[in-house]
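> At position 25 of the sequence shown the residue is numbered 25 (the UniProt record's numbering), and the sequence of numbers has no breaks.
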Amino acid sequence: MALSKTRRLVMMTGLVLVLGGCQSLDQIMTPTTSDWENCKPAAPQLESYTVEDGGIYYPKRSLINLMLYIEQLNDCIDYHQARPG
């Protein structure tokens, strides 16, 4: 019975620490209102190569940079659609 109470206490303590840590991290990682109002993500650095069949090849790093840029733009659009004006 004592083991059961100890186990519950340890689990509850761990849960409280995890939830507290997540809330603290959320406050650190949440952009301020002025960050969103002036939302202008920097254009990504892209590197491309022309391939023989007339297409363009983007290296993996350029593709990742482009996807991150699109995600930042979508976040800005979502913010401004939720708060017009």
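Cβ coordinates follow ideal geometry from the N, Cα and C atoms, glycine included.
Just so we're clear, the structure is a prediction, and the values are computed from it rather than from any experiment.
Starting from the C-beta of isoleucine 70, find all residues in its chain whose C-beta is less than 6 Å away, skip the five residues before and the five after it, and write them out in chain order.
Closer than 6 Å at the Cβ level, and outside the excluded window around isoleucine 70, lies no residue.
> Going by DSSP in three states, tyrosine 58 sits in which element: helix, strand or coil?
Coil.
> Quick one: Cα of glutamine 45 to Cα of leucine 66, how far?
About 8 Å.
> Straight-line CA distance for tyrosine 79 to glutamine 72?
Taking the straight line joining both Cα atoms gives about 11 Å.
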